[in-house]
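Student: Input: one structure, supplied below.
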Amino acid sequence: MPRWVLHLDLDSFFASAEQLTRPTLRGRPVLVGGLGPRGIVAGASGEAKVSGARSAMPMGQARRLCPHATALPPRTALYRVLSEQFFGVVRAWAPVLEQIAYDETFAEPEALADADADDVRAFAEKLRAEVRAVTGLAVSVGAGSGKQVAKIASGLAKPDGVHVVAQGGERALLDPLPVRALWGIGPVAEATLHRSGVETVAALAAMDATDVTALLGSAVGTGLHRLARGLDDRPLVERGEAKQVSAETTFDEDLSNLTAVRAAVAELAEGAHRRLVASHRAARTVSVKIRSASFGTTSRAETHPDATTDLATLTDTAQRLAVAALPDAGVRLVGVSFSGLTTAVQEALFPGTPAPEPVAAPVAEPPEEPEPEPDRAWRTGDDVAHPGHGHGWVQGSGHGRVTVRFETASTGPGRAHTFRADDPDLSRADPVASLGAPGR
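Take a look at the structure:
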């Protein structure tokens with residue numbers, strides 16, 4: 001009986017969410033990420049990628065490559081809602097999922113247990129159509145006999161398509177690829193294989209298993225050799241809840257005094273605390289990451305016997321850790337995270353002397369939206385509500401004026417209006433409201 005694994009990946013998720021809820025941007029290049037001089041791109045639309053812009057690139061570089069792009073700050077609340085809708089659809093078709101990120105998952109539908117390639121393609125097309133109908137977003141689907149092949153196939157399906165690798169066709173897909181394309185081969189393993197003349201997956205598959213394990217070790221080498229030969233029987237594993245909640249920011253200018261660092265830590269701790277409370281859990285471990293102006297990174301963590309949701313306690317601990325981790329030079333980045341999460345809440349202050357504990361890796365999450373200051377001016381991308389015009393977003397502001405385009409996912413492109421920046425009819429709005437009417 002053939003095994004069929006699907007890999008589903010929402011296309012250009014963050015930028016597509018912006019284009020969905022801000023119809024004027026559809027068909028235009030969009031960049032999502034930090035807007036300051038040190039900002040990093042979290043997502044780029046297909047139109048921006050054509051110019052060479054991509055995620056993880058400095059925002060300044062991306063804007064130089066694509067000068068006509070609209071750059072927007074991330075709206076995490078919106079992305080979470082769309083992600084929940086996406087997974088709700090997929091889980092109805094395949095109850096067991098292995099979630100990779102908020103826009104990406106593996107599935108192994110029971111309905112495909114004895115299907116042929118044509119049946120799988122038809123199934124994937126129907127699933128894609130339902131994702132589009134519910135979320136308004138495009139999803140690419142790859143299908144194959146295991147997770148490795150399905151993941152590669154979804155990349156070939158982009159944008160907005162389906163690619164099915166027929167049973168027995170694994171080697172034809174894998175053989176020409178560079179060894180780095182295989183799951184689990186990083187820079188070190190790649191360099192080791194290259195020194196032995198192994199450049200392609202086909203060359204790795206042709207090696208004797210003992211030679212592979214001699215190069216890469218038995219634990220890693222055995223699995224990679226099987227993957228290179230198209231053999232992938234790894235089961236799907238349901239991911240648990242996120243193992244930590246966190247908030248992090250890179251400053252436009254280095255912080256140079258203790259007061260500023262303590263204030264930044266307090267603000268980040270408050271942001272992480274909101275996510276902690278929203279998850280209905282408490283934390284035992286507080287961790288702080290400090291990156292200096294010279295890019296050196298120092299982390300500190302403390303673990304306590306009792307979990308808590310008390311903001312003052314968590315903030316005090318984070319500030320104390322930050323002071324201990326301060327570099328000699330200025331501070332470029334600060335991050336605060338809470339882990340050791342549990343539903344058993346102890347509201348007493350942390351007693352005793354804590355022992356350090358390493359922080360577990362978090363489940364992948366959307367980029368965190370910078371915590372706004374209550375009195376800051378309007379910025380491009382802010383969500384706005386007006387009693388007469390409805391929901392809109394800031395297209396530009398300055399010199400005491402702000403231009404707002406009023407539109408949502410359900411309205412189509414809207415009209416722009418300019419107001420005084422202090423107009424009492426303008427108020428900040430929930431980003432989720434940009435989805436518009438239910439059942440759009």
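Going by the UniProt record's numbering, the sequence shown opens with residue 1, and the numbers climb by one from there. Cβ coordinates follow ideal geometry from the N, Cα and C atoms, glycine included.
(1) Could you check what DSSP says for Asp310 in three-state terms: helix, strand or coil?
(2) Could you round the C-beta distance between Ala44 and Ser12 to whole angstroms and report it? I think they count as a contact, below 8 Å.
(3) Is DSSP giving Ser434 helix, strand or coil here?
(4) Taking the alpha-carbon positions, what's the Leu65 to Trp378 distance?
(5) Along the chain, which unbroken stretches of the alpha helix (DSSP H) at least 4 residues long are found entirely within the segment 203–290?
(6) State the Cα-Cα distance for the pair Ala133 and Val89, rounded to the nearest angstrom.
(7) Could you tell me the distance, in whole angstroms, from the CA atom of Thr309 to the CA atom of Ala283?
(8) Enumerate in chain order the residues of its own chain whose CB-to-CB distance from Gln346 is below 8 Å, with the five nearest sequence positions on each side excluded.
(9) How many Å lie between Ser292 and Leu321 at the Cα?
(10) What runs of the beta strand (DSSP E), each 3 residues or longer, lie entirely inside the segment 96–157?
(11) Are the beta-carbon atoms of Gln244 and Phe123 separated by less than 8 Å?
(12) From Glu84 to Thr210, what distance separates their C-alpha atoms?
(13) Going by other Cβ atoms of all chains shown within 10 Å of its Cβ, with 16 needed for buried, is Leu258 buried or exposed?
(14) Return yes when the Cβ of Val32 is within less than 8 Å of the Cβ of Leu97, no when it is not.
(15) What residues in its chain sit with their C-beta under 6 Å from that of Asp23, if we drop five residues either side in the sequence?
(16) Check each candidate in Val404, Ala429, Asp423 and name the one with the smallest Cα separation from His417.
(17) Just to confirm the assignment, what range does the alpha helix (DSSP H) spanning Ser16 have?
(18) Buried or exposed: Pro74, going by 16 or more other Cβ atoms within 10 Å of its Cβ?
(19) For a test of the three-state rule: what should DSSP assign to Arg91, helix, strand or coil?
(20) Please confirm whether Lys147 and Val5 have their CB atoms less than 8 Å apart.
(21) Alpha carbon to alpha carbon, how far is Pro37 from Ala117?
(22) State the CB to CB distance for the pair Leu8 and Val139, rounded to an integer number of angstroms; the pair is presumed to be in contact (CB under 8 Å).
(23) Kindly list the residues whose CB is nearer than 7 Å to the CB of Ala113, restricted to its own chain and excluding five residues on each side of it in sequence; keep chain order.
(24) Excluding the 5 residues flanking Lys151 on each side, which residues of the same chain have their C-beta closer than 6 Å to its C-beta?
(25) Roughly how many angstroms lie between the CA atoms of Thr297 and Gly388, to the nearest whole one?
(26) Helix, strand or coil for Phe86 per DSSP?
(27) Report the CB separation of Ala56 from Arg63 in whole angstroms; it is logged as a contact under 8 Å.
(28) So Val384 and Gly396 are supposed to be a Cβ contact under 8 Å. How far apart are they, rounded?
(29) Taking the alpha carbon of Asp328 as the reference point, which residue from Gln99, Gly142, Asp254, Val336 has its own alpha carbon closest?
(30) Buried or exposed: residue 461, going by 16 or more other Cβ atoms within 10 Å of its Cβ?
(31) State the DSSP-derived secondary structure class of Arg63, mapped to helix, strand or coil.
(32) Is Ala129 buried or exposed, if buried means 16 or more other CB atoms sit within 10 Å of its CB?
(33) Between the C-alpha atoms of Arg229 and Val164, what's the straight-line distance to the nearest angstrom?
(34) According to DSSP, is residue 444 part of a helix, a strand, or is it coil?
(35) State the CB to CB distance for the pair Leu215 and Val201, rounded to an integer number of angstroms; the pair is presumed to be in contact (CB under 8 Å).
(36) DSSP on Ala416, reduced to helix/strand/coil?
Tutor: In this structure, then:
(1) Here the question's residue 310 lines up with position 310 in the sequence shown. Reduced to three states, the DSSP call for Asp310 is coil.
(2) Here residue 44 corresponds to residue number 44 of the sequence shown, with the count starting at 1. Here residue 12 corresponds to residue number 12 of the sequence shown, with the count starting at 1. Going by Cβ atoms, the distance from Ala44 to Ser12 rounds to 7 Å, so yes, they are a contact pair.
(3) In the sequence shown, residue 434 corresponds to position 434, counting from 1. Note: Ser434 maps to helix in three-state DSSP.
(4) Position 65 of the sequence shown, counted from the first residue, corresponds to residue 65. Position 378 of the sequence shown, counted from the first residue, corresponds to residue 378. Their backbone Cα atoms lie some 26 Å apart in a straight line.
(5) 209–216, 218–228, 258–278
(6) Start at 1 with the first residue of the sequence shown, and residue 133 comes out as number 133. Start at 1 with the first residue of the sequence shown, and residue 89 comes out as number 89. For Ala133 and Val89, the distance between alpha carbons rounds to 10 Å.
(7) Within the sequence shown, numbered from 1, the residue matching residue 309 stands at position 309. Within the sequence shown, numbered from 1, the residue matching residue 283 stands at position 283. Taking the straight line joining both Cα atoms gives about 7 Å.
(8) One-based indexing of the sequence shown puts residue 346 at position 346. Any reading at Gln346 must be qualified, since the residue scores a pLDDT of 42, below 50, and its modelled position is unreliable; the value itself is stated next. Ala282, Asp306, Ala307, Thr308, listed in sequence order.
(9) As a position in the sequence shown, residue 292 is number 292, starting the count at 1. As a position in the sequence shown, residue 321 is number 321, starting the count at 1. The alpha-carbon atoms of Ser292 and Leu321 are separated by roughly 15 Å.
(10) 97–101, 104–107, 139–144
(11) For the purposes of this step, residue 244 is taken as residue 244 along the sequence shown, with counting starting at 1. For the purposes of this step, residue 123 is taken as residue 123 along the sequence shown, with counting starting at 1. Cβ distance not < 8 Å, so Gln244 and Phe123 don't count as in contact.
(12) Along the sequence shown, one-based indexing puts residue 84 at 84. Along the sequence shown, one-based indexing puts residue 210 at 210. When rounded, the distance between both Cα atoms is 45 Å.
(13) The residue labelled residue 258 in the question sits at position 258 within the sequence shown. The residue in question, Leu258, is exposed, as its Cβ has fewer than 16 Cβ neighbours within 10 Å.
(14) Walking along the sequence shown from the start, residue 97 turns up at place 97. Walking along the sequence shown from the start, residue 32 turns up at place 32. In this structure, Val32 does not lie closer than 8 Å to Leu97 by Cβ.
(15) The count along the sequence shown starts at 1 and reaches residue 23 at position 23. For clarity, residue 23 is Pro in the given sequence; the question names Asp instead. Contacts found: Glu407, Gly412, Pro413.
(16) On the sequence shown, residue 417 is found 417 positions in, with the first residue counted as 1. Minimum Cα distance to His417 is reached at Val404.
(17) Along the sequence shown, one-based indexing puts residue 16 at 16. Element bounds for Ser16: 13–21.
(18) In the sequence shown, the residue the question calls residue 74 occupies position 74. That one is buried.
(19) Here residue 91 corresponds to residue number 91 of the sequence shown, with the count starting at 1. Arg91: helix per DSSP, three-state reduction.
(20) Here residue 147 refers to the residue found at position 147 of the sequence shown. Here residue 5 refers to the residue found at position 5 of the sequence shown. The answer is yes: Cβ separation under 8 Å.
(21) Looking up residue 37 in the sequence shown gives position 37. Looking up residue 117 in the sequence shown gives position 117. Their backbone Cα atoms lie some 49 Å apart in a straight line.
(22) Numbered from 1 along the sequence shown, position 8 holds the residue referred to as residue 8. Numbered from 1 along the sequence shown, position 139 holds the residue referred to as residue 139. Yes, Leu8 and Val139 are in contact; Cβ-Cβ is about 5 Å, under 8 Å.
(23) The residue given as residue 113 occupies position 113 in the sequence shown. Cβ within range, chain order: Met1.
(24) Start at 1 with the first residue of the sequence shown, and residue 151 comes out as number 151. Counting only Cβ-Cβ distances below 6 Å, and skipping sequence neighbours, we find His7.
(25) For this step, residue 297 is matched to residue 297 along the sequence shown. For this step, residue 388 is matched to residue 388 along the sequence shown. Using only the alpha carbons, I get a separation of about 49 Å.
(26) Within the sequence shown, the letter at position 86 stands for residue 86. The answer is helix: DSSP assigns Phe86 an H, G or I state.
(27) Residue numbering aside, residue 56 sits at position 56 when the sequence shown is read from its first letter. Residue numbering aside, residue 63 sits at position 63 when the sequence shown is read from its first letter. Their Cβ separation, rounded to whole angstroms, is 15 Å, which puts Ala56 and Arg63 out of contact at 8 Å.
(28) Walking along the sequence shown from the start, residue 384 turns up at place 384. Walking along the sequence shown from the start, residue 396 turns up at place 396. With a Cβ gap of about 12 Å, Val384 and Gly396 do not count as contacting.
(29) Here the question's residue 328 lines up with position 328 in the sequence shown. If we check each option's Cα against that of Asp328, Asp254 comes out closest.
(30) Nothing about residue 461 can be read from this structure; the chain reaches only from 1 to 440.
(31) Against the sequence shown, residue 63 aligns to sequence position 63. Note: Arg63 maps to helix in three-state DSSP.
(32) On the sequence shown, residue 129 is found 129 positions in, with the first residue counted as 1. That one is exposed.
(33) By 1-based counting over the sequence shown, the position of residue 229 is 229. By 1-based counting over the sequence shown, the position of residue 164 is 164. The straight-line gap from Cα to Cα measures roughly 18 Å.
(34) Shown here, the chain extends from 1 to 440; a query on residue 444 therefore has no answer.
(35) Here residue 215 refers to the residue found at position 215 when the sequence shown is read from its first residue. Here residue 201 refers to the residue found at position 201 when the sequence shown is read from its first residue. 15 Å between Cβ atoms; not a contact.
(36) Locating residue 416 in the sequence shown gives position 416, counting from the first residue. Residue state, collapsed to three classes: strand.
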